[in-house]
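126 is the number of the first residue of the sequence shown in my numbering; add one for each residue after it. Beta carbons are placed, not taken as given, at the ideal position from N, Cα and C, and that holds for glycine. Below you'll find the structure, written out as structure tokens, and then a few comments.
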Amino acid sequence: MGWLRENDATYVRYLFQDGETRAFPAAGLSLLSATEPSSEEVEALNGLGAKHKGGSDKSKKPRKKVIPEELRGGPDSTRKMVAAAPAITTVAQQIAAFTKLYPKGFADEKFIDQERGGHGSRKIGRQGAVDLARESFAVDPLRQALVNKGTGIAGVYKKVLAKAKTLFSIEELDGFNLFAKSPGSEQRMAEALFEMIHGEGGSAGPHIEALATALPPDLRSWRLVTFPGAFARPAELLYVDPEVTFRQAHIVGVPVPFIVTVSASTYLPLLDMAHKLSAELTKAGLAPRDLIDVHLFTAKTLSAGKKKLRGFTAPLPPRAQHGGAGGP
Numbered sequence: 126m127g128w129l130r131e132n133d134a135t136y137v138r139y140l141f142q143d144g145e146t147r148a149f150p151a152a153g154l155s156l157l158s159a160t161e162p163s164s165e166e167v168e169a170l171n172g173l174g175a176k177h178k179g180g181s182d183k184s185k186k187p188r189k190k191v192i193p194e195e196l197r198g199g200p201d202s203t204r205k206m207v208a209a210a211p212a213i214t215t216v217a218q219q220i221a222a223f224t225k226l227y228p229k230g231f232a233d234e235k236f237i238d239q240e241r242g243g244h245g246s247r248k249i250g251r252q253g254a255v256d257l258a259r260e261s262f263a264v265d266p267l268r269q270a271l272v273n274k275g276t277g278i279a280g281v282y283k284k285v286l287a288k289a290k291t292l293f294s295i296e297e298l299d300g301f302n303l304f305a306k307s308p309g310s311e312q313r314m315a316e317a318l319f320e321m322i323h324g325e326g327g328s329a330g331p332h333i334e335a336l337a338t339a340l341p342p343d344l345r346s347w348r349l350v351t352f353p354g355a356f357a358r359p360a361e362l363l364y365v366d367p368e369v370t371f372r373q374a375h376i377v378g379v380p381v382p383f384i385v386t387v388s389a390s391t392y393l394p395l396l397d398m399a400h401k402l403s404a405e406l407t408k409a410g411l412a413p414r415d416l417i418d419v420h421l422f423t424a425k426t427l428s429a430g431k432k433k434l435r436g437f438t439a440p441l442p443p444r445a446q447h448g449g450a451g452g453p
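Structure representation (structure tokens):
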């Protein structure tokens, strides 16, 4: 059950009992049914936070139930949430939200500690993943992998992914164990990685698509395919998280439909968008180090459910199916 939070011509957003806001295409609204919550249901919603924080322990003093601000003001206000959060529609609004979290921008100690990781650090974190990707996917190791017909490259790929800590699930990482057992698969991966990271001339788009094609369908996600290049060459290549990257393109003004498959024709406009955004952030005085910082800026300001950014929402771009190399 959810309470209506925001409604526009394309998407309808509801606040659910778990505290998260979710968006549904307006065209699919008929699949949802309207209901008026009882007083018991409203009270249950108010008690969710206490329950998840240990309120179910009967030995503890009961927490005082507080009615959310949106639900105050009389019986009618408990039936429908009418106060919509302001939508992020400009980069300027994102900058305001980002600097609220990190007053010194990308140089803020809190940002470096929580999101980026110190430069040269071997600890788990994004900077640690950059260091490991550059080392593991350098020219000599990849050439040796080609000589060995790719043997062991899937394990290296997995190790670099794991270094990024929370970006990938155990299930995603375990997929590389099965992949390595498929004849010829690691050789195709090694060839695609070498061309993407060290290939001479040409566009990055076809190399991204070639890597996606080298992977089995269940590993052809935007995140898994774009990660190694983005972390080995962070100044030039972009890590694509479809949950936020397509939204960012929509805000920057690069009309890229929300496409679930990895393809050169989609990646290149997203990459162009990231460079434009980087230039705009630099002009605003934030000076991102590379496109990883640009991605983190996008993720921190557009990801749904960020506690410190609950006053902001971002419109979703149109969703479309598209032929290409793989899945979401």
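Quiz item: Is Thr423 helix, strand or coil when you go by DSSP?
Solution: Looking at Thr423 - three-state DSSP - the assignment turns out to be helix.
Quiz item: Beta-carbon separation of Pro413 and Ser403 under 8 Å?
Solution: Result yes, Cβ atoms of Pro413 and Ser403 sit closer than 8 Å.
Self-check item: Boundaries (first-last residue) of the alpha helix (DSSP H) holding Leu257
Solution: Leu257 -> alpha helix (DSSP H) spans 251 to 261.
Quiz prompt | Collapsed DSSP secondary structure at Leu411 in the structure displayed | solution = In this structure, DSSP gives Leu411 a state outside helix and strand, which the three-state scheme calls coil.
Practice problem: Quick one: give me the first and last residue of the alpha helix (DSSP H) that Thr338 is part of. | Solution: Per DSSP, Thr338 belongs to the alpha helix (DSSP H) from 329 to 339.
Quiz item: Where Glu316 and Gln252 are concerned, what is the direct C-alpha to C-alpha distance, given to the nearest angstrom?
Solution: Those two C-alpha atoms are separated by around 25 Å.
Quiz item: How many Å lie between Ile237 and Ser390 at the Cα?
Solution: When rounded, the separation of the alpha-carbon atoms in Ile237 and Ser390 is 33 Å.
Practice problem: Excluding the 5 residues preceding and the 5 following His420 in the sequence, name in chain order all residues of the same chain whose CB lies nearer than 6 Å to its CB. | Solution: The beta carbon of His420 is closer than 6 Å to those of Tyr364 in its chain, skipping five residues each way along the sequence.
Exercise. Please go through the same chain and pick out, in chain order, the residues whose beta-carbon is closer than 6 Å to the beta-carbon of Gly330, but skip the five residues on each side of it.
Key: Sequence-distant Cβ neighbours of Gly330 in its own chain, meaning closer than 6 Å and more than five residues away, are Ala389, Tyr392, Leu393.
Quiz prompt | Meets three-Cβ-pair contact criterion under 8 Å: the stretch 285 to 298 and the stretch 225 to 239 | solution = Contact fails: fewer than three Cβ-Cβ distances are below 8 Å.
Practice problem: Check whether the stretch 295 to 308 touches the stretch 264 to 284, counting contact only when three or more Cβ pairs, one atom from each stretch, lie closer than 8 Å. | Solution: With the cut-off at 8 Å, the stretch 295 to 308 and the stretch 264 to 284 touch.
Quiz item: Under the three-state reduction of DSSP, which class applies to Asp343: helix, strand or coil?
Solution: Helix at Asp343.
Quiz item: Where does Ser328 land, buried or exposed, given buried means 16+ other C-beta within 10 angstroms?
Solution: With fewer than 16 Cβ atoms within 10 Å of its Cβ, Ser328 is classed as exposed.
Quiz prompt | Same chain only: Cβ atoms within 6 Å of Gly410, ignoring 5 sequence neighbours per side | solution = For Gly410, where only same-chain residues beyond five positions count, there are no Cβ hits under 6 Å.
Exercise. Ignore the nearest five residues each way along the sequence and tell me which others in Tyr370's own chain have a CB closer than 7 Å to its CB.
Key: The question names Tyr, but residue 370 in the sequence shown is Thr. Leu395, Thr423, listed in sequence order.
Exercise. Tell me whether Val281 sits in a helix, a strand or coil according to DSSP, three-state version.
Key: Helix, per DSSP.
Self-check item: Beta-carbon proximity of Glu368 to Ser307, cut-off 8 Å
Solution: Note that the C-beta distance between Glu368 and Ser307 is not below 8 Å.
Quiz item: Cα separation between Arg313 and Leu362?
Solution: Their Cα atoms are separated by approximately 21 Å.
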